[in-house]
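A.B. asks: This is the structure, below, for whatever I ask next.
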Amino acid sequence: MMMNKPSKEVLNVFGKILYSLAMADGEIQDSELAVLKKIVSKNEWAKEIEFSFTEAMELNMDPHISFLKNMRVFRSKEMDEHIPFFIELMEKIAESHNGIFPAELSMIQEFKSYCHKDAIDYEEHQLKSEEHLQIQVI
Numbered sequence: 001m002m003m004n005k006p007s008k009e010v011l012n013v014f015g016k017i018l019y020s021l022a023m024a025d026g027e028i029q030d031s032e033l034a035v036l037k038k039i040v041s042k043n044e045w046a047k048e049i050e051f052s053f054t055e056a057m058e059l060n061m062d063p064h065i066s067f068l069k070n071m072r073v074f075r076s077k078e079m080d081e082h083i084p085f086f087i088e089l090m091e092k093i094a095e096s097h098n099g100i101f102p103a104e105l106s107m108i109q110e111f112k113s114y115c116h117k118d119a120i121d122y123e124e125h126q127l128k129s130e131e132h133l134q135i136q137v138i
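The sequence shown: position 133 = 133 (this note's numbering), numbered continuously.
Now the structure itself:
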């Protein structure tokens with residue numbers, strides 16, 4: 001199944017969230033970079049994630065502040081069909097070096113929690129829209 005390309009802003013923000021995740025244990029591991037490169041190589045549009053990740057790394061951004069700031073921006077965006085891809089990438093990067101560190105797990109859970117809540121809100125919105133259409137038709 002071919003997915004549409006996410007917006008450049010979503011990819012940029014997610015790259016910085018991934019950077020924050022990789023830095024949660026104090027440094028970015030070679031194994032984390034290898035996983036990022038491997039997954040990104042399979043999706044042309046995902047190269048923007050790697051670019052944003054690398055930019056954050058070169059700027060030596062504070063991972064905690066970067067995560068909070070970029071989650072706030074991410075929350076302002078509409079639900080995206082790429083969320084499962086983003087979650088899988090987060091989990092694979094976190095697992096790649098000695099398993100998932102508690103701070104990494106916390107970040108992944110926060111991301112999933114936001115996405116789950118947003119998915120429920122989106123479904124409720126869809127149901128209300130369908131009900132509205134049914135009322136209009138009758």
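Idealized CB from N, CA, C, for every residue including glycine.
Everything numeric in this text was worked out from a predicted model, so none of it was measured.
1. Suppose the cutoff is 8 Å on Cβ atoms and the five residues either side in sequence are ignored; what does the same chain contact list for Ile100 look like?
2. Three-state secondary structure (DSSP) at His64?
3. Hey, Tyr19 and Ala56 are a contact pair by Cβ (cut 8 Å); roughly how many whole angstroms apart?
4. I'd like the list of long-range same chain contacts for Glu32, defined as Cβ closer than 7 Å, with 5 residues on each side in sequence excluded.
5. Is the separation between the beta-carbon of Glu9 and that of Lys77 shorter than 9 Å?
6. Going by alpha carbons, who is nearest to Asn70 out of Ser7, Glu27 and Lys16?
7. Counting along the chain, where does the alpha helix (DSSP H) carrying Glu32 start and finish?
C.D. replies: From the atom records:
1. Indexing the sequence shown from 1 puts residue 100 at position 100. Correct list, in chain order: Glu91, Ala94 and Ile108.
2. Sequence index remark: in the sequence shown, residue 64 carries index 64 (1-based). Helix, per DSSP.
3. Taking the sequence shown and counting its residues from 1, the one referred to as residue 19 is at position 19. Taking the sequence shown and counting its residues from 1, the one referred to as residue 56 is at position 56. With 8 Å as the limit, Tyr19 and Ala56 qualify as a contact, their Cβ atoms being about 4 Å apart.
4. Your numbering for residue 32 matches position 32 in the sequence shown. Only Ala22, Ile93, Ser96 and His97 meet the Cβ criterion.
5. Along the sequence shown, one-based indexing puts residue 9 at 9. Along the sequence shown, one-based indexing puts residue 77 at 77. Against a cut-off of 9 Å, the Cβ pair of Lys77 and Glu9 comes out as a contact.
6. For the purposes of this step, residue 70 is taken as the residue at position 70 of the sequence shown. Closest by alpha carbon: Lys16.
7. Position 32 of the sequence shown, counted from the first residue, corresponds to residue 32. First-last of the alpha helix (DSSP H) with Glu32: Asp30 to Ser41.
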